[in-house]
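Per our numbering, the very first residue in the sequence shown carries number 11; after that it's consecutive.
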Amino acid sequence: MADQAVDTGGTRASGTGRPPAVEAAPTDSQFLGRTRELKELRADIGRAGLNTLAGRKAPHARVLLIAGRPGFGRTALAEELVRQVTDGYPGGVLRARLTEPDGTRVPVERAARALLGELGRPAPAGADEDDLSEAFREALADRRVVLLLDDAVDAEQVDALLPDTPDSLVVAVSGGPLTGISDVRPCTLGGLDTKSAVELLERFTGSVRITVDPRSAEGLAEVCAAQPAALRLAGGWLAARPTAAVSDLAKQLRAENDDSPVLVRILKLSYASLPTPAARILRLLALAPAGLVDPHVASGLAGCSVGAARTTLDDFVALGLLHRVDSTLAQYEVPGCLQPLLWSLAESHERPGELQLARARMLERTVRLLQSCRAITETDSPLAREKLLGMPKALRFPSPRAAEEWLCVRRPALLAAARLAVADGELDTLARRLMSQLVRAMVAHFGTQAAAADLYDIHRLVLDVAERRSLPREQAAALLNLGDLDARTGRTKAALARYRAALDAGRRANDPYATGRAMESVGGAHQELEDYDRAADWYGRALVQRLARDERQDAARLYGRIASAHTYAGRYGEALRNWSSALTGYRRLGDVGAQARALSEMARVQEYAGRPEEALRTCQEAVEWAQRADDSRLQAALQLRLADTLERLGDPAAARLHREAAKRLLGPEFPDADADGTGVTGETHEIDAEHGSNAYEIRIASAKD
11 MADQAVDTGG TRASGTGRPP AVEAAPTDSQ FLGRTRELKE LRADIGRAGL
61 NTLAGRKAPH ARVLLIAGRP GFGRTALAEE LVRQVTDGYP GGVLRARLTE
111 PDGTRVPVER AARALLGELG RPAPAGADED DLSEAFREAL ADRRVVLLLD
161 DAVDAEQVDA LLPDTPDSLV VAVSGGPLTG ISDVRPCTLG GLDTKSAVEL
211 LERFTGSVRI TVDPRSAEGL AEVCAAQPAA LRLAGGWLAA RPTAAVSDLA
261 KQLRAENDDS PVLVRILKLS YASLPTPAAR ILRLLALAPA GLVDPHVASG
311 LAGCSVGAAR TTLDDFVALG LLHRVDSTLA QYEVPGCLQP LLWSLAESHE
361 RPGELQLARA RMLERTVRLL QSCRAITETD SPLAREKLLG MPKALRFPSP
411 RAAEEWLCVR RPALLAAARL AVADGELDTL ARRLMSQLVR AMVAHFGTQA
461 AAADLYDIHR LVLDVAERRS LPREQAAALL NLGDLDARTG RTKAALARYR
511 AALDAGRRAN DPYATGRAME SVGGAHQELE DYDRAADWYG RALVQRLARD
561 ERQDAARLYG RIASAHTYAG RYGEALRNWS SALTGYRRLG DVGAQARALS
611 EMARVQEYAG RPEEALRTCQ EAVEWAQRAD DSRLQAALQL RLADTLERLG
661 DPAAARLHRE AAKRLLGPEF PDADADGTGV TGETHEIDAE HGSNAYEIRI
711 ASAKD
């Protein structure tokens, strides 16, 4: 697939006739040929376009198109061009692949989100294609970058990602023209020139075998149509057979009574020469998510040991059947031109049930790795440590950092595995377990906020499975999670619709937790939309349910949420009554910190109601409870509130003392100091009552750890 090869002075086959081992495999890539194409492409970068000649500003970045069939080195040429011109683009290089290994189109929103991530600008969870495309173009407005769009399906994909600034460069790789995009400069690829094709063979076989019979080498290159992917397979086949003449392979390929493309013929030849276990692993690699393979994936697919899988994968690299991915971990990529051929082999040699079993083994292995990845972060949990020690050594990570690195490197493949498992439709139980563990591992290592965009996609997949399987409890969980992510990104109306749907699903499942949580979330959405009457009403419904189940902590919290809605609506009497009920609940529970926060909120409402003396007494009581709770930040905030109140009561000296007390408590974190260091800027320091977390983890009955 690439016009790249490596020079190791030749490869050796093992004494048992197995393919060569990894130590004999190429390690450093080196580009070959394409001198004319590179010269023309570089010249096209600076050539004036039609808009420039007409005196108009170019509407977008210059687009260079590298077109051709898979296997002819399109991506390699694009990467070499980018390497040569990157110094002229200080904004760096961005890359996105626009086609899945199975040939399906990558949604623009997924590509845009990945590109924004490369720029260090995580996209809002759940943003649609138009918003993400616009955000990406805005991010490039003041940058001069090279954007490599690999394996584009059509012009619409490319157009949605085009930078608006003519100072950037887009290099698009596609199988055909990009009709509809103005001023595209195309370069259509054929085979390599003869010299480069022979040199590519030489890098696998060593120089001696080529030197002694150069005509046969040229003949083999001709038989291979000078196609880089076919030449790599031919070189790997010869490298595994040091005694075979170059002419022997050319004769075999010519003698094949087969009109199929040469890449198909050479792959059949390579495949036929593999030992039976290796041949089976090779054809099952067609099932690898996103075309990315590591030893665990190969082990799961074939049902062999991880060590044997890794050795076989390294042998495939030496044979030109796989590319090694530049990573600190052992990871490999199935060349895109071989993906459909391997799938054809898998279908012809494996029964559907065997393919499904291979998928199931791979997903089960992935689930266990994710369990291990999460468990190693729970260092304070004896149960987690015991569970981790009970796993096979091959599934354990040496440290949390190693687990996080694995999760980062394997993230595209893990997300692809989740999408494929859900699309399969026959492995829903495994798909649910996979998504549950993937969510937990991402939250453990990255945090909810950093992983929000990926979590949104996973929860949508969970919802798909739950709806397909009529699992109302899981529907409620997924809808609540999606609603929370919508709410955090300001899509409050969308969140409200999710929460209402979650309430319906929770009622169908007879799940009191889900229904109570949904009612409270509906209330929160109405409050965000400034519909305080509905907010208080829905909080009240949730409160009735909590009281009926004697859930005192949640009931006290809900009294506070009702009070907050009344406060926003200016109904201070109702707000104080509900804060009083919340305070009573926290006292019965013995929650000292919550009592302090409830008192602080009561003081704020009293001040809003024009009762500063009462607010002062309540706030002083809150300080006492905050001291008992040993909450220095709450104490400091209360001291600042006391200072503000005293200022309004005409006692600046006392106010200054309270500000100094807050300063001592906060130290360097003290906010907004005056120029003379004696006070703050006079803003109101609000202390929100503890409302609890809105996170609602995926609850799947069959997804047991």
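Yeah, the Cβ is synthetic: ideal placement off N, Cα and C, and Gly gets one too.
Quick one, which of the options has its alpha-carbon nearest residue i's?
i: residue 376; options: 389, 448 and 231; result: 448
i: residue 413; options: 391, 385 and 399; result: 385
i: residue 445; options: 460, 457, 257 and 429; result: 429
i: residue 560; options: 582, 599, 575 and 534; result: 599
i: residue 330; options: 96, 418, 243 and 213; result: 243
i: residue 613; options: 587, 142 and 305; result: 587
i: residue 215; options: 280, 328 and 265; result: 328
i: residue 93; options: 155, 434 and 184; result: 155
i: residue 346; options: 619, 114 and 630; result: 114
i: residue 484; options: 520, 500, 506 and 462; result: 520
i: residue 212; options: 241, 237 and 197; result: 241
i: residue 104; options: 279, 304 and 130; result: 130
i: residue 148; options: 116, 172, 190 and 162; result: 172
i: residue 96; options: 490, 178, 269 and 497; result: 178
i: residue 596; options: 77, 567 and 422; result: 567
i: residue 507; options: 535, 523 and 530; result: 535
i: residue 341; options: 421, 279 and 602; result: 421
i: residue 287; options: 488, 273, 313 and 395; result: 313
i: residue 451; options: 392, 419 and 380; result: 380
i: residue 337; options: 388, 419 and 320; result: 419
i: residue 496; options: 49, 84 and 465; result: 465
i: residue 411; options: 364, 456, 403 and 434; result: 456
When you compare only the Cα positions, how much space is there between residue i and residue j?
i: residue 109; j: residue 300; result: 10 Å
i: residue 638; j: residue 658; result: 28 Å
i: residue 317; j: residue 292; result: 16 Å
i: residue 673; j: residue 643; result: 10 Å
i: residue 668; j: residue 646; result: 9 Å
i: residue 37; j: residue 509; result: Per-residue confidence for residue 37 stands at a pLDDT of 37, beneath the threshold of 50, marking its modelled position as unreliable; the derived number appears in the next sentence. Rounded to whole angstroms, residue 37 to residue 509 spans 53 Å at the Cα level.
i: residue 263; j: residue 275; result: 7 Å
i: residue 89; j: residue 482; result: 48 Å
i: residue 397; j: residue 382; result: 9 Å
i: residue 399; j: residue 427; result: 26 Å
i: residue 219; j: residue 53; result: 38 Å
i: residue 43; j: residue 91; result: 12 Å
i: residue 158; j: residue 125; result: 11 Å
i: residue 463; j: residue 306; result: 26 Å
i: residue 665; j: residue 589; result: 26 Å
i: residue 656; j: residue 503; result: 41 Å
i: residue 524; j: residue 552; result: 11 Å
i: residue 40; j: residue 250; result: 21 Å
i: residue 141; j: residue 531; result: 26 Å
i: residue 395; j: residue 234; result: 55 Å
i: residue 689; j: residue 654; result: At residue 689 the pLDDT is 34, less than 50, meaning the model places this residue with poor confidence; the figure from the coordinates comes in the next sentence. Each residue's alpha carbon lies about 10 Å from the other.
i: residue 35; j: residue 326; result: Only weak support exists for where residue 35 lies, its pLDDT of 36 falling under 50; the coordinates are left without a value.
i: residue 603; j: residue 635; result: 7 Å
Ignore the nearest five residues each way along the sequence and tell me which others in residue i's own chain have a CB closer than 6 Å to its CB.
i: residue 310; result: 371, 372 and 375
i: residue 236; result: 201, 202 and 207
i: residue 195; result: 54 and 74
Short of 8 Å in beta carbon distance, which residues of its chain neighbour residue i, apart from the five on each side in sequence? Order them along the chain.
i: residue 138; result: 119
i: residue 223; result: 255, 256 and 257
i: residue 539; result: 502, 503 and 506
i: residue 162; result: 108, 109, 168, 182, 183, 184 and 188
i: residue 248; result: 211, 214, 215, 219, 254, 256 and 259
i: residue 662; result: 656
Ignore the nearest five residues each way along the sequence and tell me which others in residue i's own chain have a CB closer than 7 Å to its CB.
i: residue 584; result: 576
i: residue 408; result: none
i: residue 556; result: 526, 564, 565 and 568
i: residue 471; result: 428, 429, 432 and 445
i: residue 685; result: Because the pLDDT at residue 685 is just 34, under 50, the model does not fix this residue reliably, and the point stays unresolved.
i: residue 6; result: What is shown of the chain runs 11 to 715, which leaves residue 6 out entirely.
Compute every distance between the C-beta of residue i and the non-hydrogen atoms of the ligand SAH, then say whether any falls below 8 Å.
i: residue 41; result: Of ligands this structure carries none, so the ligand SAH is not represented either.
#### Entry: Contact the segment 166 to 177 vs the segment 195 to 214: 3+ CB pairs below 8 Å
no
### Query
On the three-pair Cβ rule with 8 Å, is the segment 215 to 233 touching the segment 249 to 258?
yes
### Task
State whether the segment 541 to 551 contacts the segment 568 to 584, with contact taken as three or more CB pairs (one from each stretch) at a distance under 8 Å.
Judged by Cβ distances under 8 Å, the segment 541 to 551 makes contact with the segment 568 to 584, as three or more pairs qualify.
### the segment 338 to 354 in contact with the segment 278 to 295 per 3-pair CB rule at 8 Å
yes
### Query
Does the segment 425 to 444 come within contact of the segment 467 to 484, defined as at least 3 CB pairs closer than 8 Å?
yes
#### Entry: Those runs of the alpha helix (DSSP H) which lie wholly inside the segment 374 to 426 and span at least 4 residues
392 to 399
### Query
Which ranges does the beta strand (DSSP E) cover as unbroken runs of at least 3 residues, wholly within the segment 79 to 160, from first to last along the chain?
103 to 107
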